[in-house]
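Colleague: My structure is below; once you've seen it, I'll send some questions.
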Amino acid sequence: QVIYLNGEYVSKENAKISVFDHGFLYGDGIFEGIRIYNGNIFKCKEHLDRLYDSAKSIMLDIPLSYTEMEQALIETIRRNEFRDGYIRLVVSRGPGNLGLDPTRCPKAWVIIIVEQLAIYSEEAYRDGLVSVSVVQRRNIPDALNPKIKSLNYLNNILVKIQANLAGVGEAIMLNAQGYVAEGSSDNIFIIKKGVVYTPPCYIGALEGITRAAIMELCDKLGYKLKEEPFTLHDVYVADEVFFTGTAAEVIAVREVDGRQIGAGKAGTITTHLLEEFRKIVD
Ligand code: PDD
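Quick note: the sequence shown uses the UniProt record's numbering, first residue 4, plus one each step.
Following this line, the structure appears as structure tokens:
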């Protein structure tokens with residue numbers, strides 16, 4: 004396995020960062036999860052646009068231009084001989100001193116890891132996930148904006164811990180007003196009477212690229228789509244629920260907080276959207 008580390012291509016064993024790296028010390032950095040399907044980087048421009056936006060928002064100067072970054076991705080994939088896989092692209096503030104001050108980090112570090120990744124089992128895709136809701140808040144006005152895909156994933160990890168403790172596959176995060184925001188590492192959609200709903204990102208969600216692809220698909224397939232806030236009640240009484248994400252792709256939810264969703268398996272519109280999604284990625 005070959006890792007891109009700060010301009011070098013190194014083996015997994017030699018892929019090491021300094022303990023003074025602020026990405027490690029403070030979560031000071033950003034990342035992207037990107038899929039390779041059939042040797043192609045899916046939605047590369049959308050991912051890199053979001054990466055550079057995240058960087059700008061935290062005043063992190065990425066030492067590679069957009070084109071150089073794209074070349075580094077392509078070369079890392081080539082050296083790993085991957086046709087299908089998952090790319091974790093990380094940009095940390097880089098090594099500095101023990102203080103918080105990012106100006107003490109002379110150079111950001113770019114890391115590109117290519118792996119096979121399946122975060123959910125085959126049966127989870129077939130039968131749908133069980134999920135719980137948590138009151139882990141998103142997008143409290145003074146909190147870190149969820150639109151920045153930063154290395155600060157403790158909020159998400161705490162939500163994942165609650166899903167683990169509940170013995171379920173995923174958890175749904177609410178925002179300070181109690182509106183449904185997203186999953187711990189994916190966006191959420193519900194379907195009611197044939198209409199597809201997803202929260203606007205200002206509710207407290209990452210502007211998911213898979214979310215955008217599914218919204219385009221709804222348009223193309225003639226499904227009515229509404230981007231509007233909804234509550235847990237709407238989730239419980241929905242006919243279908245599913246999550247979307249680069250790692251998750253499109254995965255149905257069969258139960259939330261003990262309430263069976265629809266027939267308790269992947270719904271017909273969810274299944275149709277997943278089938279069509281597979282066609283656009285291959
Ligand atoms: N994340 N919301 C959160 C909090 C996420 O971490 C992710 C993706 C998404 C889905 O966004 P997209 O469709 O652009 O991947 C939503 C992990 C890292 C992933 O799926 O790669």
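The beta-carbon is built from N, C-alpha and C at its ideal position, and this holds for glycine as well.
Ignoring anything shorter than 4 residues, give me the alpha helix (DSSP H) runs that lie fully in the stretch 116-193, in order along the chain.
Modeller: Within the stretch 116-193, the complete alpha helix (DSSP H) runs of at least 4 residues are 125-130 and 157-168.
Colleague: Is the number of C-beta pairs between the stretch 108-118 and the stretch 76-87 that are closer than 8 Å three or more?
Modeller: Touching, per the Cβ criterion.
Colleague: Taking only heavy atoms of ligand 1 into account, decide whether any of them is closer than 6 Å to the Cβ of residue 273.
Modeller: No.
Colleague: Three or more C-beta pairs under 8 Å: does that hold for the stretch 87-100 against the stretch 18-25?
Modeller: Judged by Cβ distances under 8 Å, the stretch 87-100 makes contact with the stretch 18-25, as three or more pairs qualify.
Colleague: Check whether the Cβ atoms of residue 172 and residue 133 sit closer than 7 Å, and answer yes or no.
Modeller: Cβ atoms of residue 172 and residue 133: closer than 7 Å.
Colleague: Using the beta-carbon count (16 or more within 10 Å), is residue 176 buried or exposed?
Modeller: So residue 176 counts as buried.
Colleague: Closest by CA to residue 265, which one among 239, 204 and 192?
Modeller: Cα-wise, what sits closest to residue 265 is 239.
Colleague: Per DSSP, what kind of secondary structure is residue 93 in: helix, strand or coil?
Modeller: Here residue 93 sits in strand by DSSP.
Colleague: Ligand 1 heavy atoms versus the CB of residue 211: any closer than 6 Å?
Modeller: Yes, Cβ of residue 211 sits closer than 6 Å to a heavy atom of ligand 1.
Colleague: Could you give the DSSP three-state label for residue 74: helix, strand or coil?
Modeller: Three-state DSSP puts residue 74 in a helix.
Colleague: Going by DSSP in three states, residue 111 sits in which element: helix, strand or coil?
Modeller: DSSP places residue 111 in coil when its eight states are reduced to three.
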